[in-house]
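Residue numbers (the working numbering): 86 to 705.
Right, here's the structure in full:
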């Protein structure tokens, strides 16, 4: 009798190794083109280095060298000064997919699946046939372990081709070298340089050095010596837990009663909340969790939404912070204006998250192009799938015209602007395994919109002020061209000296007038008065600097004095109300007419030049 066909089919069925799966579906992980494969590899290596350094409270110093090898291959070398990896773990970390320490941890981190760097090792051996070389050292005086590794795709286990101890001059750290089929591109947004530049902006505590294939070296210096506040691991929050997950937790808990299970398995559930949840579900607090049925589990899940439970803690997150986003943008872009904000924490499906936004305007940015969007998730740049990301959709949904930017077609605005958006979460909801775009979660989109509107209001105030100052400047140029001619003509007609027109200009313009009046004391010396008259509509706070090559006496009030070799900088701090004036005075023992003619212009520190007449203005 012939075998049934099902038995014949069964002979061909076997389990699939995860490494075999990704061997045939590597595009899922971001290895779908030569340029992108290189960026994905660098991203995974740099992410690992940053995470390792931060967890060990080490300021990251990362070295990246890319060399061409043959026609289509490149060699990538990444070194860091992190804590290193113990010998036994090195093969598994680099040559076993789905192996890592962060998958089960509920806290913000760059990598969580344990796929990243081992997927790069797999891609390297598939496309070049070369093994990966690793050096790692865990401390000064400790051995540096050298491995040459490959992945056995049938078993998803590391194959150790070489295991040795070598000399390495670093006190601690890790070095990985891979050869793969990839291409190095320049001048594109999606390039290694732009990826590292973006990484440097949101990781201002890191120093990253890149040596390009042509030998050119680029260093992204750190902007701060302050490490990010480390994220703490938290328990899952009851909001957002799914039925199957809850049933698994009940089945495998070490607690013997329901009430302790609730208190020790979830964040923000104490004695009182546990009692209320048991009461709302109609379940006995002493019930054995292991014996609960599916129906009882459903009642427990429903009770989570009926009882008021505090939001999850946010110390599991490590936002960049407004000041460091500002420093990061300032370090990498030459612009005229920057505004930043960090929102308070919110929650989606039980996962806490924080949105941060920075906006930069002007300077050397392109004026007529669409705005430059920089997207980040847990401090990692997102270079691909911009159009499919909730960050882009949130930016498009803002009515930009009311903030002073054009928005042709209702999509992205245009202008010399960079918009930086960072989403930090214990579980960033990516649209795919390649982690290129954040999914369309309403709570996240709302927070991004609110943050963007907050910094855009600051930008709009700056633009309005800039336009007003521009109009004032144009008006003042006209006035200062016309009035001197009128004054000169009038003086010639009346046969008098040409008068000082600064007071008239200041009054017409509504400016702050600051001028110096010198009167001889009859004994070869002089009495000098500095007048500040406020014709503006607001109180003005500023410093007046009189930088002269002599010592003064009898100053009223007494200034702050800074000696500068043979010169002195006398500084008065003033506050003048609208319509009011203040006078500073001092005397000089000897001051001839020639010296009076050479007295430098007064300097006003703290005001825009368009608001000051009679003195040089600096913002300070």
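Beta carbons: idealized from backbone N, C-alpha and C, even for Gly.
CB-CB under 7 Å to residue i, same chain, minus the five flanking residues each way: which ones, in chain order?
| i | result |
| --- | --- |
| residue 172 | 230 |
| residue 135 | 145, 195, 288 and 291 |
| residue 142 | 312 |
So residue i packs on residue j, CB below 8 Å; how close in whole Å?
| i | j | result |
| --- | --- | --- |
| residue 177 | residue 243 | 6 Å |
| residue 671 | residue 639 | 6 Å |
| residue 397 | residue 432 | 6 Å |
| residue 443 | residue 411 | 7 Å |
| residue 674 | residue 610 | 5 Å |
| residue 529 | residue 293 | So it is not a contact: roughly 28 Å between Cβ atoms. |
| residue 645 | residue 637 | That pair is no contact at about 12 Å. |
| residue 476 | residue 523 | 6 Å |
| residue 286 | residue 251 | Not confirmed; about 35 Å, so no contact. |
Among the residues of its own chain, which have a CB less than 8 Å from the CB of residue i, if the five just before and after it don't count?
| i | result |
| --- | --- |
| residue 191 | The predicted model places residue 191 with a pLDDT of 48, which falls under 50 and marks its position as unreliable; any figure quoted below should be read in that light. Hits under 8 Å: 318, 319, 320, 321, 401, 511 and 512. |
| residue 282 | 305 and 417 |
| residue 452 | 500 and 501 |
| residue 642 | 657 and 669 |
| residue 167 | 134, 137, 138, 141, 143, 145, 257, 258 and 259 |
Can you find a CB in chain D that lies within less than 8 Å of the CB of residue i?
| i | result |
| --- | --- |
| residue 365 | Absent from the structure: chain D. Only one protein chain is present. |
With DSSP as the reference, identify every bridge partner of residue i, one or two as the case may be.
| i | result |
| --- | --- |
| residue 590 | Note: residue 590 sits in no beta bridge, so no partner. |
| residue 264 | 160 |
| residue 507 | 441 and 461 |
| residue 294 | 148 and 304 |
| residue 217 | 234 |
| residue 657 | 629 |
| residue 243 | 236 |
| residue 723 | The displayed coordinates of the chain run from 86 to 705. Any statement about residue 723 would go beyond what the structure contains. |
| residue 690 | 628 and 703 |
| residue 677 | Bridge partners of residue 677: none, in fact. |
| residue 431 | 438 |
Who are the near neighbours of residue i in its chain, counting only those whose CB is closer than 6 Å to its CB and skipping five residues on each side?
| i | result |
| --- | --- |
| residue 262 | 162 and 218 |
| residue 703 | 690 |
| residue 620 | 591, 592, 595 and 596 |
| residue 133 | 202 |
| residue 498 | 456, 485, 490 and 492 |
| residue 543 | 424 |
| residue 521 | 467, 469 and 470 |
| residue 526 | 433 and 514 |
| residue 366 | 384, 385 and 388 |
| residue 692 | 627 and 702 |
| residue 247 | 233 |
| residue 186 | The predicted position of residue 186 is uncertain, since its pLDDT is 43 and thus under 50; no value can be drawn from it. |
Do you know offhand how far residue i's Cα is from residue j's?
| i | j | result |
| --- | --- | --- |
| residue 310 | residue 284 | 16 Å |
| residue 125 | residue 626 | 52 Å |
| residue 562 | residue 597 | 16 Å |
| residue 580 | residue 566 | 21 Å |
| residue 602 | residue 574 | 24 Å |
| residue 35 | residue 474 | With the chain covering 86 to 705 only, the question about residue 35 has no answer from this structure. |
| residue 599 | residue 694 | 12 Å |
| residue 496 | residue 486 | 12 Å |
| residue 304 | residue 121 | 22 Å |
| residue 62 | residue 545 | Residue 62 falls outside the range modelled here, since the chain spans only 86 to 705, and no answer is possible. |
| residue 224 | residue 256 | 6 Å |
| residue 151 | residue 123 | 10 Å |
| residue 395 | residue 407 | 26 Å |
| residue 500 | residue 164 | 39 Å |
| residue 211 | residue 518 | 20 Å |
| residue 352 | residue 323 | 8 Å |
| residue 101 | residue 175 | Interpretation of residue 101 is limited by its pLDDT of 47, a score under 50 that renders its predicted location unreliable; the figure taken from the coordinates is listed afterwards. If you take the alpha carbons of residue 101 and residue 175, they lie about 24 Å apart. |
| residue 404 | residue 624 | 37 Å |
| residue 90 | residue 180 | 39 Å |
| residue 647 | residue 422 | 31 Å |
| residue 157 | residue 266 | 6 Å |
| residue 234 | residue 270 | 28 Å |
| residue 439 | residue 509 | 5 Å |
| residue 357 | residue 335 | 20 Å |
| residue 585 | residue 571 | 12 Å |
| residue 138 | residue 302 | 23 Å |
Below 7 Å, is the gap between the Cβ of residue i and the nearest heavy atom of the ligand FMN?
| i | result |
| --- | --- |
| residue 671 | For the ligand FMN, the structure offers nothing, since it holds no ligand at all. |
Assess contact between the stretch 495 to 507 and the stretch 449 to 466, defined as three or more Cβ pairs (one per stretch) separated by less than 8 Å. Is contact present?
yes
With three or more beta-carbon pairs closer than 8 Å as the criterion, would you say the stretch 532 to 541 touches the stretch 476 to 483?
yes
On the three-pair Cβ rule with 8 Å, is the stretch 690 to 700 touching the stretch 587 to 602?
yes
Check whether the stretch 632 to 650 touches the stretch 668 to 685, counting contact only when three or more Cβ pairs, one atom from each stretch, lie closer than 8 Å.
yes
Cβ pair count under 8 Å reaching 3, the stretch 329 to 339 against the stretch 420 to 435
no
Are at least three pairs of beta-carbons, each pair with one atom in the stretch 608 to 618 and one in the stretch 661 to 670, less than 8 Å apart?
yes
Pairing CB atoms from the stretch 364 to 374 with CB atoms from the stretch 332 to 346, are three or more of them under 8 Å?
yes
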